[in-house]
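Remarks on the structure that follows.
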Amino acid sequence: MTARKPSGKVLLAVTGFSPHQWMELLSSRRHVVLEPAAPDDPTIEYAVVWKQRPRILEKLPNLKAIFSVGAGVDHLFTDPGLPQVPIVRVVADNLTQYMTEYVAWRVLDHHRQGRHYRAQQAKQVWHEPFQPPANEVSVGIMGLGNLGRASAKALLSLGFAVNGWSRKPQQMDGVRCFDGEAGLTPFLNATDILVVLLPYTPATHGIVDYSVLRRLRRDNGLGGAFLINAGRGKLQKEADILRALDDGTLKEASLDVFEQEPLPTASPLWGHPRVFVTPHAAATSDPAHLAAPMLDQMDACDRGEPLRNLVDRDAGY
Ligand code: NDP
Ligand code: OXD
Numbered sequence: 008m009t010a011r012k013p014s015g016k017v018l019l020a021v022t023g024f025s026p027h028q029w030m031e032l033l034s035s036r037r038h039v040v041l042e043p044a045a046p047d048d049p050t051i052e053y054a055v056v057w058k059q060r061p062r063i064l065e066k067l068p069n070l071k072a073i074f075s076v077g078a079g080v081d082h083l084f085t086d087p088g089l090p091q092v093p094i095v096r097v098v099a100d101n102l103t104q105y106m107t108e109y110v111a112w113r114v115l116d117h118h119r120q121g122r123h124y125r126a127q128q129a130k131q132v133w134h135e136p137f138q139p140p141a142n143e144v145s146v147g148i149m150g151l152g153n154l155g156r157a158s159a160k161a162l163l164s165l166g167f168a169v170n171g172w173s174r175k176p177q178q179m180d181g182v183r184c185f186d187g188e189a190g191l192t193p194f195l196n197a198t199d200i201l202v203v204l205l206p207y208t209p210a211t212h213g214i215v216d217y218s219v220l221r222r223l224r225r226d227n228g229l230g231g232a233f234l235i236n237a238g239r240g241k242l243q244k245e246a247d248i249l250r251a252l253d254d255g256t257l258k259e260a261s262l263d264v265f266e267q268e269p270l271p272t273a274s275p276l277w278g279h280p281r282v283f284v285t286p287h288a289a290a291t292s293d294p295a296h297l298a299a300p301m302l303d304q305m306d307a308c309d310r311g312e313p314l315r316n317l318v319d320r321d322a323g324y
């Protein structure tokens, strides 16, 4: 016997990818309305969104909560008609695992000189360059939240020295923690490989600029400083990254996110020999892992229980 679906419907409003799998999974337990149908339906109580078209959510008179299908919620705040209801973001083992893999992969590739060896192989060169051990290399993670902490844990287990930078003071075993404006310079000065896992907010707009890159430690066994950004593209100033690569401030960069996505074909980042590009693929939201916990939260909300993984609207993340 199939269970009766609750009366509160779900609006599914996503752009940029097919809603098909989300539709199928959410529909298994709730009535789902695929946007743009029924824009002012009073029976819609929840919205599941990714880069929704502006002003569609404000038309829903009985909306109880908005669920972002991603961990980042900057896509929501561009909507001038964003209703004053709780916003839930993704915090999930599966997504965290993907991001941890991406960070470990990029850190290890820079640390173990992957670019250098690929170039040598192309020329059939047999030469072993100096390799510092991980404990002499310091990775600094900007954003010591859910993804930053998991990445820090993985890097610690590989033997790296790890620094973390956050908005409020944080603590984590084995990690040198810095916070706020005052902590930024000492954090950067003690960092060889910078990993950016910040959310995009008005306070973090363009934060990865030349002045930040300039403060990284270059006098190290790796022969320079490295940047890995898997947070958001608008955290970085791409012209500054190119300048830093070209004048030696940065040795290499791995970029998963870009000021404009998809990265325009004319961008010099595509062909830069010391830039590694991935197409915003560090940690993809997998509906097969995320839909059921989302539906569980809707059921909990119906029972009057508190929602988890809520966004702080004032902080913007
Ligand atoms: P969290 O909210 O758990 O952590 C955010 C961290 O950033 C916190 O440590 C927070 O500080 C810090 N922070 C926020 N604002 C500032 C600031 N102004 N100055 C200093 N530190 C700041 O987020 P997650 O770890 O879950 O996700 C981080 C980001 O990763 C997402 O917002 C998203 O943009 C990106 N992402 C990218 C993906 C990809 O595929 N490329 C996939 C998933 C997420 P505090 O601890 O003090 O609150
Ligand atoms: C996210 C993303 O924020 O996929 O989850 O970028």
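Here our numbering runs 7 ahead of the position in the sequence shown, where the first position is 1.
Here a beta-carbon is modelled for each residue, glycine too, at the ideal position from N, C-alpha and C.
| Check | Outcome |
| --- | --- |
| G181 Cβ short of 6 Å to the ligand OXD heavy atom set | no |
| Straight-line Cα distance separating H287 from P139 | 30 Å |
| Cβ-Cβ separation, A168 to N196 (assumed contact under 8 Å), whole Å | Contact flag wrong, Cβ pair sits at about 13 Å. |
| Own chain residues within Cβ distance below 6 Å of R62, not counting five before or after | G88 |
| Contact set for P26: own chain, Cβ-Cβ below 7 Å, skip 5 residues either direction | L19, L41 |
| I200 vs V132 beta-carbon contact at 7 Å | no |
| Boundaries (first-last residue) of the alpha helix (DSSP H) holding V144 | Element bounds for V144: n/a, residue is neither H nor E. |
| Beta bridge counterpart(s) of K71 as assigned by DSSP | Note: K71 sits in no beta bridge, so no partner. |
| Opposing strand residues paired with N316 [DSSP bridges] | Answer by DSSP bridge pairing: none, since N316 is not bridged. |
| Rounded distance between the beta-carbons of L151 and S173, thought under 8 Å | 4 Å |
| Neighbourhood of K244 by C-beta, 6 Å cutoff - its chain only, sequence neighbours within 5 removed | G213, D216 |
| Within 7 Å, strictly: CB atoms of R239 and V264 | yes |
| Backbone secondary structure at V40 - three-state DSSP | strand |
| Nonlocal neighbours in the same chain, by C-beta distance under 7 Å from F194, ignoring five residues either side | G147, N170, W172, F185 |
| Meets three-Cβ-pair contact criterion under 8 Å: the stretch 296–306 and the stretch 269–277 | no |
| C-alpha distance - Y124 paired with E135, whole-angstrom precision | 9 Å |
| R222, enclosing alpha helix (DSSP H) - first and last residue | Premise fails: R222 is in no alpha helix (DSSP H) and is neither H nor E. |
| Burial state of P209 (16 or more Cβ within 10 Å) | exposed |
| Unbroken alpha helix (DSSP H) run spanning A129, endpoints | 121–129 |
| Beta-carbon proximity list for C308, same chain, < 7 Å, skipping 5 on both sides | K71, A72, L314 |
| Residue burial classification, E52 (beta-carbon count within 10 angstroms, cutoff 16) | buried |
| Residues of its chain near A251, where Cβ-Cβ distance is below 7 Å and the 5 sequence neighbours each way are ignored | Y217, L220, L257 |
| Within 7 Å, strictly: CB atoms of K66 and P46 | yes |
| Which of helix, strand or coil DSSP assigns to D186 | strand |
| From P176, Q177, V182, K175, residue whose alpha carbon lies closest to that of G166 | V182 |
| Any non-hydrogen atom of the ligand OXD within 6 Å of S14 CB | no |
| Alpha helix (DSSP H) segment containing E31, residue limits | 27–34 |
| DSSP-derived helix/strand/coil call for E65 | helix |
| heavy atom of the ligand NDP below 6 Å from Q131 C-beta | no |
| Beta-carbon contacts of L242 that lie in its chain and below 8 Å, excluding the five residues immediately before and after | V203, L205, Y207, T211, H212, G213, I214, V215, N236, V264 |
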